[in-house]
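Visitor:
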Amino acid sequence: MRERWLWFGALVVAAVAVFAGVRWAWTENRLGGAASPPQTPAQVGVGVWPSEASAEPPGDDPQRFARSTFAQGLAQPTAMAFGRDGALYVTELVGRVTVLRDTDGDGRADQASVFADGLTDPLGVAVLRPGEIVVSQRGRITRLRDTNGDGAADERQDIVTGLPVGRHQNDNVVVGPDGRLYWGQGSRSDHGESGVVPYEASILSANVDGSDLKVVATGLRNPYGLAFDAKTGALYATDNGRDVPDKGVPDELNLIEAGGDYGWPDCWGAGEGTHCEGTKLPLLLLPPHSSADGLAVYRGEAFPGEYQGAVFIALWGANDGDPNVGRQVVVALPPKEAGRPWTVAPFATGFIHPLAVAVGPDGALYVADMGRNEIVRFAPPAASR
Amino acid sequence: MHVVVCIKHILDPEMPPASFRIAEDGRSPVEAGLPRAIGPFDQNALEVALKLKDARPETTVTVLTAGPAEANEALRKALALNADRAVRVDLERLPGPDSATVAALLAAAIRRLEPAPDLVLVGRQSGDWDQGVVGPVLAEKLGAAIVGLGYAAEPADGGVIITRQVDDGIEKVRPKRAAVVTVTNHESNVLRLPKLKDVVAAHRKPIDVIPAAELGVPLDEPLVEAVSLSIPQREAHCEFLEGEPEEMAAALAERIRRWLSA
Chain A
1 MRERWLWFGA LVVAAVAVFA GVRWAWTENR LGGAASPPQT PAQVGVGVWP SEASAEPPGD
61 DPQRFARSTF AQGLAQPTAM AFGRDGALYV TELVGRVTVL RDTDGDGRAD QASVFADGLT
121 DPLGVAVLRP GEIVVSQRGR ITRLRDTNGD GAADERQDIV TGLPVGRHQN DNVVVGPDGR
181 LYWGQGSRSD HGESGVVPYE ASILSANVDG SDLKVVATGL RNPYGLAFDA KTGALYATDN
241 GRDVPDKGVP DELNLIEAGG DYGWPDCWGA GEGTHCEGTK LPLLLLPPHS SADGLAVYRG
301 EAFPGEYQGA VFIALWGAND GDPNVGRQVV VALPPKEAGR PWTVAPFATG FIHPLAVAVG
361 PDGALYVADM GRNEIVRFAP PAASR
Chain B
1 MHVVVCIKHI LDPEMPPASF RIAEDGRSPV EAGLPRAIGP FDQNALEVAL KLKDARPETT
61 VTVLTAGPAE ANEALRKALA LNADRAVRVD LERLPGPDSA TVAALLAAAI RRLEPAPDLV
121 LVGRQSGDWD QGVVGPVLAE KLGAAIVGLG YAAEPADGGV IITRQVDDGI EKVRPKRAAV
181 VTVTNHESNV LRLPKLKDVV AAHRKPIDVI PAAELGVPLD EPLVEAVSLS IPQREAHCEF
241 LEGEPEEMAA ALAERIRRWL SA
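Chains as they are written, first to last, in our numbering: chain A, 1 to 385; chain B, 1 to 262.
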């Protein structure tokens, strides 16, 4: 009898251990945030788009948000990041990093200086501390530092080199809550037609000195935008869907889990294509060819409470030539009840090619429009100054 | 087929009117820091060329401009849209020369291109000074045929057919030799939008730069020069009439009589 109870006890302990192990795995393979079960296709959100939306996008309604020009005259801005001192570092496709400052707090940049130039196709920037940044430029991650306080970088070090480039390259870079760098690494091809090499189509991570390069997640064709939720530590990434077949492959918003395979090159959307077994589903489907790019998680205090934890996404747009696709900023909202899908809707229109999004220390939302070479600021009217 | 498209990098016509200011010389606009774009009719010309390339992928499209290094932005936009080659006649001095001189520079640059172009497309007017001079002068300098106000082109029997809008219909013409076509806007030739990856890739494509001084065109002998530039002044007055309704109505009627008789 005692022996039977011992077996039963051992089984209970084993079951608890297995359950705890599963829970641990859920917790550990996420990049911060509360544990959650895997997505099901029914839980993948699908957006409501301008042709279907009945309401005016909130960012276009001056009663709800004041829209103003923060800076003009940039040279094809690709990415933005605020430093702790409120300076906004902007990468520009001409190979430059410009620092913008609003010294009088009127919501418009009144100082602009070149922090660095001579870079090649910089698509991402992260601020380590005021005067020290990391730039994601074609095939390499570069650390730049202003050691003499003159406002320009005088120390430059490539900390990661040899990253795969082709059709896409390394994209946005961010600093994680663990102090490591994370960046999206685009694919060399559309759908793997030139093979797949290590590190392409993935989320990569390394220490800020470039050591300990790791693959965090795979199967992401071009994860241009990357952002951590400052409250939960969750890591979100956009992904541009493949061009073949030319209809119906959506862009995506993904919650990145360590070790996750997100399907590229064969699987896309809510389980479409082939070889989908074991792959992760996206949180949201975004319009095909909308080119979902830069994103930011809202944890500021200026916007209404409904935007806490919302993900703002820039849709470059018109990647299939249709000018009515994308070319706006959308807002993705987490579900109010567990197990429900995320929702997404237009937030602001009137851009030519919005590409980067950032939340400022003032709680305003900043959008870089490459088509107009300007940065637009959104703030509630009371906070718009 | 080799198609050359002449484009001009101008102040963005869609920028807020309040941003437009006159420089201290009183005859040119302030340009520093303001948004720029490819001239609107040049955009139409570029789209006509790209459609020819869509129809016949072996078509080579060269974009050509005359301007300072900032004009590379316009050329790179064209490269991002699948133009094959970009050439800039380097004009560092602003304001630039008059339109006839620009046309002479473009013609000299076109003569250097190999193979010689079969078709040269240019916007019907630049979109900033809007003189409409470059196209006809270019044709004259090149000894080419000219077709005015075309809006579409299609390949045909080794040549090209140009579609024009005329007063009472649509006309199609076939140039019998290399031709310059001035292009007007039409719903069919709105310039397409680039993909982000192509915009990034365009920054790695070369731009051939030809110093203007190498082209043997006198730059200091303008046939026309701007004497002055001004912004129309609008005067607005607002007067609030006060008093009883009958008094205000009488005062209003009196003012309307005065305005009508003025």
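For glycine and all other residues, C-beta sits at the position ideal for the given N, C-alpha and C.
Can you pull the chain A neighbours of B:Lys205, defined as C-beta to C-beta under 9 Å?
Guide: Those do not exist, as B:Lys205 stays about 12 Å from chain A at its closest Cβ, beyond 9 Å.
Visitor: Are the Cβ atoms of A:Leu144 and A:Val135 separated by less than 8 Å?
Guide: yes
Visitor: From A:Tyr307, A:Arg138, A:Thr238, A:Pro177, pick the residue whose C-alpha is nearest to that of A:Pro335; which is it?
Guide: Looking only at A:Tyr307, A:Arg138, A:Thr238, A:Pro177, the smallest Cα-Cα distance to A:Pro335 is reached by A:Tyr307.
Visitor: Note down the Cα distance separating A:Leu123 from A:Ala71, rounded to an integer number of angstroms.
Guide: Distance between the alpha carbons of A:Leu123 and A:Ala71 is about 19 Å.
Visitor: How many angstroms separate the CA atom of A:Gly248 from the CA atom of A:Ser113?
Guide: 43 Å
Visitor: Strictly below 9 Å CB to CB, what residues from chain B border A:Asp293?
Guide: Neighbours of A:Asp293 on chain B, chain order: Leu196.
Visitor: Could you spell out the range, first to last residue, of the beta strand (DSSP E) harbouring B:Asp42?
Guide: Boundaries around B:Asp42 are those of the alpha helix (DSSP H), 40-55, since no beta strand (DSSP E) includes it.
Visitor: Within 10 angstroms of the Cβ of A:Ser194, are there 16 or more other Cβ atoms? Answer buried if so, exposed if not.
Guide: exposed
Visitor: What is the rounded straight-line gap between the Cα of B:Ala107 and the Cα of B:Lys141?
Guide: Taken atom to atom, the span from the alpha-carbon of B:Ala107 to that of B:Lys141 is near 6 Å.
Visitor: Need the endpoints of the beta strand (DSSP E) that A:Pro183 sits in, please.
Guide: Position check: residue 183 of chain A holds Trp in this sequence, whereas Pro was assumed. Residues 181-185.
Visitor: If we define contact as Cβ-Cβ less than 8 Å, is A:Gln328 a contact residue for chain B?
Guide: Interface annotation, A:Gln328: not in contact with chain B, CB-CB separation never under 8 Å.
Visitor: Does the beta carbon of B:Ile38 come closer than 8 Å to any beta carbon on chain A?
Guide: no
Visitor: Return helix, strand or coil for B:Val217, following the three-state DSSP convention.
Guide: In the structure shown, B:Val217 sits in coil (DSSP, three-state: anything other than H, G, I, E or B).
Visitor: What are the boundary residues of the alpha helix (DSSP H) that includes B:Lys197?
Guide: First-last of the alpha helix (DSSP H) with B:Lys197: 196-202.
Visitor: Between A:Thr142 and A:Asp158, what straight-line distance do the alpha-carbon atoms span, to the nearest angstrom?
Guide: 4 Å
Visitor: Do we get a CB-CB distance below 8 Å when we pair B:Leu193 with the residues of chain A?
Guide: yes
Visitor: For the segment 372-383 of chain A, enumerate the residues whose C-beta is nearer than 8 Å to any C-beta of chain B, in chain order.
Guide: Arg372, Asn373, Glu374
Visitor: List the residues of chain B whose Cβ lies closer than 7 Å to the Cβ of A:Asp209, in chain order.
Guide: Chain-ordered listing is empty here: chain B has no CB closer than 7 Å to the CB of A:Asp209, the nearest sitting near 27 Å.
Visitor: From what residue to what residue does the beta strand (DSSP E) around B:Ile170 run?
Guide: 169-173
Visitor: What does A:Asn319 pair with, by DSSP beta-bridge criteria?
Guide: DSSP output for A:Asn319 lists no bridge partner at all.
Visitor: Rounded to a whole number of angstroms, what is the C-alpha to C-alpha distance between B:Pro222 and B:Asn44?
Guide: Near 28 Å, if we compare the C-alpha coordinates of B:Asn44 and B:Pro222.
Visitor: If B:Leu50 sits next to B:Pro194, beta carbons under 8 Å apart, how far is it from one beta carbon to the other, in whole angstroms?
Guide: Between B:Pro194 and B:Leu50 the Cβ distance is about 11 Å, and since that is not below 8 Å, they are no contact.
Visitor: Buried or exposed for B:Leu260, please, with buried defined as at least 16 other CB atoms from any protein chain shown within 10 angstroms of its CB.
Guide: So B:Leu260 ends up on the exposed side.
Visitor: Among all the DSSP beta bridges, which residues are the ones paired with B:Ala156?
Guide: Under DSSP, B:Ala156 forms a beta bridge with B:Gly159.
Visitor: Measure from the C-beta of B:Pro35 to each C-beta in chain A and report whether the shortest distance is under 8 Å.
Guide: yes
Visitor: Per DSSP, what kind of secondary structure is A:Thr27 in: helix, strand or coil?
Guide: The predicted position of A:Thr27 is uncertain, since its pLDDT is 34 and thus under 50; a value taken from the coordinates is nonetheless stated next. Helix at A:Thr27.
Visitor: Would you mind telling me which residues of chain A sit closer than 9 Å to B:Val200, beta carbon to beta carbon, in chain order?
Guide: Within chain A, the residues near B:Val200 are Thr78, Leu93, Asp121, Leu123, Arg138, His168, Gln169.
Visitor: Report yes if the C-beta distance between A:Leu213 and A:Leu204 is below 8 Å; otherwise report no.
Guide: yes
Visitor: Step through the CB atoms of chain B and report whether any lies within less than 8 Å of the CB of A:Pro323.
Guide: The C-beta of A:Pro323 comes closer than 8 Å to at least one C-beta of chain B.
Visitor: Give every residue of the same chain whose Cβ lies closer than 6 Å to the Cβ of A:Glu155, excluding the five residues on either side of it in the sequence, and list them in chain order.
Guide: Arg145, Thr147
Visitor: For A:Glu155, does the three-state DSSP call read helix, strand or coil?
Guide: DSSP places A:Glu155 in strand when its eight states are reduced to three.
Visitor: How would you list, in chain order, the residues of chain B whose beta-carbon sits under 9 Å from the beta-carbon of A:Ala318?
Guide: Arg192, Leu193, Pro194, Lys195
Visitor: Is it right to say A:Ala332 is buried, meaning 16 or more other beta carbons lie within 10 angstroms of its own, or is it exposed?
Guide: Residue burial is scored here from C-beta neighbours: A:Ala332 has at least 16 other C-beta atoms within 10 angstroms and is therefore classed as buried.
Visitor: Using a 10 Å radius around the Cβ and a threshold of 16 neighbouring Cβ atoms, would you call B:Lys176 buried or exposed?
Guide: So B:Lys176 ends up on the exposed side.
Visitor: Buried or exposed, going by whether 16 or more other CB atoms sit within 10 Å of the CB of B:Lys8?
Guide: Counting Cβ neighbours within 10 Å, B:Lys8 comes out buried, since at least 16 surround it.
Visitor: Which residues bound the alpha helix (DSSP H) around A:Glu374?
Guide: Element bounds for A:Glu374: not the alpha helix (DSSP H) but the beta strand (DSSP E), 374-379.
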